[in-house]
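As numbered in the working numbering, the sequence shown has no gaps in its residue numbers, which increase by one up to the final residue, 114.
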Amino acid sequence: AQLEESGGGLVQPGGSLRLSCAASGFTFSNYAMGWYRQAPGKQRVLVARISSGGTTNYVDSVKGRSTVSRDNAKNMVFLEMNSLKPEDSGVYYCNAEATVFRAGYWGKGTLVTVSS
């Protein structure tokens, strides 16, 4: 199983980014998918989640500025972020959520830096 993130980079405050995660080697449509952020020296935190059925959840700090979506036909999940702030900076990881019945998976991350 593999998850590969892309789309990170340097963006000015107020800008936008669209992160992508390509999945392979497992039945993508069965998994809830999450986007996590890890800032330097801090713990990895869940930013957005989309269930296998398409229900979405967001951490309060990105609510209203971000949209998580998935394309089961292409085995991909996306995170669109707008009105970016410096505190949005960090490495963003894609996660296929583990359950009691099966293991989860992590990508290697993509770096987002919001700075002028």
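Every residue, glycine too, gets a C-beta built ideally from N, C-alpha and C.
Would you call residue i buried or exposed, if buried means 16 or more other Cβ atoms sit within 10 Å of its Cβ?
{"i": "Thr25", "result": "exposed"}
{"i": "Gly51", "result": "exposed"}
{"i": "Leu8", "result": "exposed"}
{"i": "Thr21", "result": "Before going further, note that residue 21 is Ala rather than Thr in the sequence given. Buried, since its Cβ has 16 or more Cβ neighbours within 10 Å."}
What residue range is occupied by the uninterrupted beta strand (DSSP E) comprising residue i?
{"i": "Leu77", "result": "74 to 79"}
{"i": "Asp69", "result": "64 to 69"}
Cβ atoms of residue j and residue i: under 8 angstroms apart, would you say?
{"i": "Leu77", "j": "Ser64", "result": "yes"}
{"i": "Met79", "j": "Leu15", "result": "yes"}
{"i": "Ser114", "j": "Asn70", "result": "no"}
Note down the Cα distance separating residue i from residue j, rounded to an integer number of angstroms.
{"i": "Lys83", "j": "Glu95", "result": "27 angstroms"}
{"i": "Val75", "j": "Lys61", "result": "18 angstroms"}
Taking only beta-carbon positions, decide if residue i is within less than 8 angstroms of chain B.
{"i": "Val89", "result": "This model lacks chain B altogether; it includes just one protein chain."}
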